[in-house]
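Worksheet: the structure to be examined is printed underneath.
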Amino acid sequence: MKNEEMGTLTRSKAESKLQQSPDWYQRIFAWIMAHGTAKYEAEMSDRKQALFADLHGNVLEIGPGTGPNLRYYPSDIHWIGIEPNPFMDFYLKQEADRLGLKIDIHRDTAECLEVGDNSMDAVVSTLVLCSVDNLERTLQEILRVLKPGGRFYFLEHVAAPKQTWLRRVQHWIRPAWKILGDGCHPDRETWIALENAGFERVEYQHFRAPVPAIVSPQIIGVALKRGN
Numbered sequence: 005m006k007n008e009e010m011g012t013l014t015r016s017k018a019e020s021k022l023q024q025s026p027d028w029y030q031r032i033f034a035w036i037m038a039h040g041t042a043k044y045e046a047e048m049s050d051r052k053q054a055l056f057a058d059l060h061g062n063v064l065e066i067g068p069g070t071g072p073n074l075r076y077y078p079s080d081i082h083w084i085g086i087e088p089n090p091f092m093d094f095y096l097k098q099e100a101d102r103l104g105l106k107i108d109i110h111r112d113t114a115e116c117l118e119v120g121d122n123s124m125d126a127v128v129s130t131l132v133l134c135s136v137d138n139l140e141r142t143l144q145e146i147l148r149v150l151k152p153g154g155r156f157y158f159l160e161h162v163a164a165p166k167q168t169w170l171r172r173v174q175h176w177i178r179p180a181w182k183i184l185g186d187g188c189h190p191d192r193e194t195w196i197a198l199e200n201a202g203f204e205r206v207e208y209q210h211f212r213a214p215v216p217a218i219v220s221p222q223i224i225g226v227a228l229k230r231g232n
């Protein structure tokens with residue numbers, strides 16, 4: 005298959021995904037994200053502040069949702085958000101206005117970023133990689149859009165260790181959790197995919213977040229794209 009045909013096929017799949025969830029579901033999910041995550045965000049404040057301390061230049065955020073990360077960004081960055089849920093926009097713009105940030109929202113998906121090759125200084129993803137349809141494709145897109153030497157900043161909930169009761173529960177509950185959590189896979193081994201994606205270096209740490217046990221195993225870190 006030619007590259008152009010592959011690109012067209014990927015875009016078609018992305019457009020199909022944008023239309024999967026009904027409006028009422030997307031509206032409710034946006035409301036929950038705007039009003040139900042304050043405790044988690046407060047607990048993660050120090051970790052996020054440290055993670056995003058070196059952000060600069062062109063920054064692409066995948067799935068920014070209602071904008072909980074915007075408060076950590078310097079005002080002089082050029083920010084692009086890839087947000088497939090249109091009902092997040094109200095909250096996202098409201099937060100940006102409060103902070104005095106200029107934002108540019110794109111209605112793409114993580115698997116098909118309408119952003120130029122080697123154009124981003126940084127890509128950000130927090131609690132998003134669990135819900136993408138194709139994790140490997142998403143990471144390749146991130147590598148494509150990053151400039152040589154660019155960085156991918158991530159904070160994600162992941163699978164619990166194998167052979168633990170929590171891992172078994174995550175696996176058992178996954179079908180229902182995907183419906184309730186907008187496609188979320190609670191038992192995804194995201195750190196392995198990151199290590200195998202082709203970054204020059206991936207640095208991260210596992211920790212347990214003060215949230216429901218299903219999504220409490222999390223990782224935070226930075227992946228570096230190879231330079232020229």
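Numbering (the numbering used here), first residue to last: 5 to 232.
Idealized CB from N, CA, C, for every residue including glycine.
According to DSSP, residues forming a beta bridge with residue i
| i | result |
| --- | --- |
| glutamine 222 | His161 and Phe211 |
| cysteine 188 | Cysteine 188 pairs with nothing; no bridge assigned. |
| glycine 85 | Glu65 and Ile109 |
| arginine 155 | Ala126 and Leu228 |
Rounded separation between residue i and residue j - CA only
| i | j | result |
| --- | --- | --- |
| methionine 10 | cysteine 116 | In this prediction, methionine 10 scores a pLDDT of 39, lower than 50, which makes its location untrustworthy; the coordinate-derived value is nonetheless stated afterwards. The alpha-carbon atoms of methionine 10 and cysteine 116 are separated by roughly 11 Å. |
| leucine 147 | glutamate 65 | 13 Å |
| asparagine 62 | tryptophan 169 | 42 Å |
| alanine 100 | glutamate 140 | 31 Å |
| aspartate 137 | serine 25 | 13 Å |
| serine 4 | proline 179 | Shown here, the chain extends from 5 to 232; a query on residue 4 therefore has no answer. |
| leucine 96 | valine 173 | 33 Å |
| isoleucine 183 | phenylalanine 156 | 28 Å |
| aspartate 80 | lysine 106 | 9 Å |
| proline 78 | glutamine 167 | 42 Å |
| alanine 109 | glycine 67 | The question names alanine, yet the displayed sequence has isoleucine at residue 109. When rounded, the distance between both Cα atoms is 10 Å. |
| glutamate 204 | isoleucine 32 | 40 Å |
| leucine 150 | isoleucine 218 | 32 Å |
| glutamate 193 | tryptophan 28 | 31 Å |
| histidine 189 | tryptophan 83 | 27 Å |
| histidine 85 | tryptophan 181 | Contrary to the premise, residue 85 reads as glycine rather than histidine in this sequence. Rounded to whole angstroms, glycine 85 to tryptophan 181 spans 25 Å at the Cα level. |
| arginine 111 | valine 119 | 12 Å |
Beta-carbon gap between residue i and residue j smaller than 8 Å
| i | j | result |
| --- | --- | --- |
| threonine 70 | alanine 42 | no |
| isoleucine 224 | glutamine 209 | yes |
| glutamate 160 | alanine 114 | no |
| leucine 131 | leucine 198 | no |
Close beta carbons around residue i, own chain, < 7 Å, minus the five adjacent residues each side
| i | result |
| --- | --- |
| proline 165 | Arg171 |
| glycine 154 | Met124, Asp125, Ala126 and Lys229 |
| leucine 59 | Tyr77, Pro78, Ile81 and Ala126 |
| proline 152 | Asn122, Lys229, Arg230, Gly231 and Asn232 |
| leucine 74 | Glu99, Ala100, Leu103 and Leu105 |
| alanine 57 | none |
Close Cβ partners of residue i (< 6 Å) along its chain, the five nearest in sequence each way excluded
| i | result |
| --- | --- |
| histidine 175 | Asp191 |
| glutamine 30 | Asn89 and Phe91 |
| glutamate 47 | Pro214 |
| alanine 201 | Leu143 |
Same chain, Cβ closer than 8 Å to residue i, five either side skipped, listed in chain order
| i | result |
| --- | --- |
| serine 16 | Caution applies to serine 16, whose pLDDT of 42 falls short of 50 and renders its modelled position unreliable; the value that the coordinates give is listed next. Excluding residues within five positions, none has a Cβ falling inside 8 Å. |
| glutamine 53 | Tyr76 |
| aspartate 93 | Glu87 and Ile109 |
| arginine 212 | Ser220, Pro221 and Gln222 |
Whole-number beta carbon distance between residue j and residue i, since they are thought to touch under 8 Å
| i | j | result |
| --- | --- | --- |
| alanine 163 | proline 216 | The pair is not a contact, with the Cβ atoms about 15 Å apart (cut-off 8 Å). |
| glycine 185 | serine 135 | 7 Å |
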